[in-house]
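Residue numbering for the first sequence follows our numbering, beginning at 920 and increasing consecutively. Read through the structure below, which is laid out as structure tokens, and then see the notes.
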Amino acid sequence: MSEFRLFNTLTRRVEPFQPADGRTVRLYACGPTVYNPAHLGNFRTFLFEDLMRRAMRLYGWDVMQVMNLTDVDDKIIRKAAANGQSITEVTEPFTDLFHQDRRYLRIQDAEVYPKATEHIPEMIALVETLVANGTAYVGEDGSVYFAIDRFADYGRLSQLDKREIKTGARVAQDEYTKENAQDFALWKAAKPEDEATGAAWDSPWGRGRPGWHLECSAMAMKYLGETLDLHAGGIDLIFPHHEDEIAQSEAATGKPFARCWCHGEFLLTDGAKMAKRVGNVATVVDLRAQGIDGAVYRHFVFNAHYRKQLNLLDDSLAQSQAAVRRIGTFARRLAVASGGTPALGDAAQRAEAAFRAALFDDLNAPEALAALFTFISDANRELDAAGDDVAALAEAQRVFGVIDGVLDLVPADAETDAELAAWVEERLGARKAARAARDFAAADAIRAELVARGVTIEDSAAGTTWRAG
RNA sequence: GGCGCCGUAGCCAAGUGGUAAGGCACUAGACUGCAAAUCUGGCAUUCGUCGGUUCGAUUCCGACCGGCGCCUCCA
């Protein structure tokens, strides 16, 4: 079997990847901050990670994936304070929504979804280690900072040494007391709004709360050990988030924090980064409201490589919808076929080989998708030949199962309301009678009625079927 | 200002030092009473522009033009 290759941000190269123990991939993926609905850009990253975990399982490894839920941070506290709520009251509904959304997009469950607020002791212990070994210091107000000049490797992931900080960039506007402007907070001394919203805990340095980066280090190491096989996230997290995770983790353990880092590129909307501040966000709730199947968004995302920016345009989802419809049509046809041809079996084997090769080569989803569509074309042709090779058909079904087990692109049968279904059935009955009487004008008039309500019909030897949309 | 990415047909988008996957759309034909679905064929002598290296570049190098992102809110 070909080796599994991934682009490693640490080396900026595609290189062979395998779990340290040869069996189980210990994967940490940065999750959402649950203070508002995650948008489609966030989900592009989560989908890339879903593809990654499914590809690894196909390869034969087990995956132990941890995705954190950030449920205490500045924005959450601000929102809670503004609403007179506790941070939990803010985060719980959005945590639920996150899970609903990701299920709609068919993102598989991670093994663990740890919450920051449930790992305060682990975080405090990590900070104590850093204070004890001198890489962290306590500020006048009881906040604790990481001293980046005491960690020689600082900046390796983001290649900081090659950068110059922009003149006038946002530096040192922090209201906390730091020795060096670029030192980052491990622990933040509690302020009145922290206490008011339930975002303050006792610590050796007084009341306070964790800094942004701390939770990931503490929870990753708790569930996956001191050295992860792989750490993934959005490209914007390279600096400072992941850089700081590496610093605080490695300064504490003396061991590499992650053997490989993978970052997914951004989703743009009409040429601009999808972000709340830009005001161009779309959410899964929007998708559902438009009746767009999760498989459609999966196709849109997988149609581009994860390391390239992807632009969501007006007709992007319509194009994916058409593509996914073809996959669904094929899936149904393959499922009910009674036999194939020897060439069908050959096509299936070619497809599987091409699919695996593409997927294992740095998750080349567009090429994997091409393998799928080539297979669909080949298989449709063979199915038209109506052969009786049962083994070949079984092979084709097996391969399609393998491919769709990763991509998961067969659209769900549209849930049509009973009222519409009853009406359609009644109309189809009338049309059948008209056709039997060879009154095609009447039959076509009925079809026009159906089309007007978005119903497409298909006549075949087995009878007439229909679908909404 | 520093760092990085990208520019392939109407649209989306892979890819390679030896002459361009796949999808959507469109289009001709087959099938169909007509459609739909499916099949067959057509659809970039060309990969932002200009130079260079090379027997040969879309693929390597340089310049330029255009777009995007990061530089401590950020998937």
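Beta carbons: idealized from backbone N, C-alpha and C, even for Gly.
In this structure, DSSP gives PHE1359 a helical state, which the three-state scheme calls helix. Residue burial is scored here from C-beta neighbours: PRO1033 has at least 16 other C-beta atoms within 10 angstroms and is therefore classed as buried. Excluding residues up to 5 positions away in sequence, GLU1301, LEU1302, GLY1306, ASP1308, ALA1311, LEU1312, ALA1315 lie with their Cβ nearer than 7 Å to the Cβ of GLY1259 in the same chain. Inter-residue distance for LEU1045 and ALA1118 is about 19 Å (C-alpha atoms, whole angstroms).
In the structure shown, TYR978 adopts helical secondary structure according to DSSP, grouped into three states. The residue from CYS1181, LYS1110, LYS1351 with its alpha-carbon nearest to that of HIS1161 is CYS1181.
Secondary structure in the stretch 1100-1186: the beta strand (DSSP E) runs of 3 residues or longer, each lying completely within the stretch, are 1103-1108, 1127-1129, 1149-1153, 1180-1183 in chain order. Note on LYS1107: 16 or more other CB atoms within 10 angstroms of its CB, so buried under the neighbour-count rule. Cβ atoms of ASN987 and GLY950 come within 8 Å of each other, at about 5 Å. Just so you know, the alpha carbons of GLN1167 and SER1296 end up roughly 52 Å apart. Leaving aside the five residues that flank ALA1276 on each side, the residues in its chain whose CB is nearer than 7 Å to its CB run, in chain order, SER921. As DSSP reads the structure, PHE926 sits in a beta bridge with VAL933. The Cβ-Cβ distance between VAL1325 and LEU1288 does not fall below 8 Å. Counting only the Cα atoms, GLY1125 lies some 47 Å from LEU1231.
Each of TYR947, GLY1190, GLY1183 was checked against the Cα of TYR1225, and the nearest Cα belongs to GLY1183.
Its Cα nearest to that of VAL1063, the residue ALA1055 stands out among ALA1055, PHE1070, ALA1242.
Closest in alpha carbon position to ASP1072, among GLU1164, ALA999, ALA1051, LYS1097, is GLU1164. In chain order, PHE962, LEU966, VAL1203, GLY1213, TYR1216, ARG1217 place their CB closer than 7 Å to the CB of LEU1024, counting only its own chain and leaving out the 5 sequence neighbours on each side.
Listed in chain order, the non-local C-beta contacts of GLU1047 below 8 Å within the same chain comprise PRO1123, local neighbours out to five positions each way being set aside.
Of the candidates VAL982, GLU968, GLY1173, GLU968 places its Cα closest to the Cα of GLY1153.
Here DSSP, grouped into helix, strand and coil, assigns SER1239 to helix.
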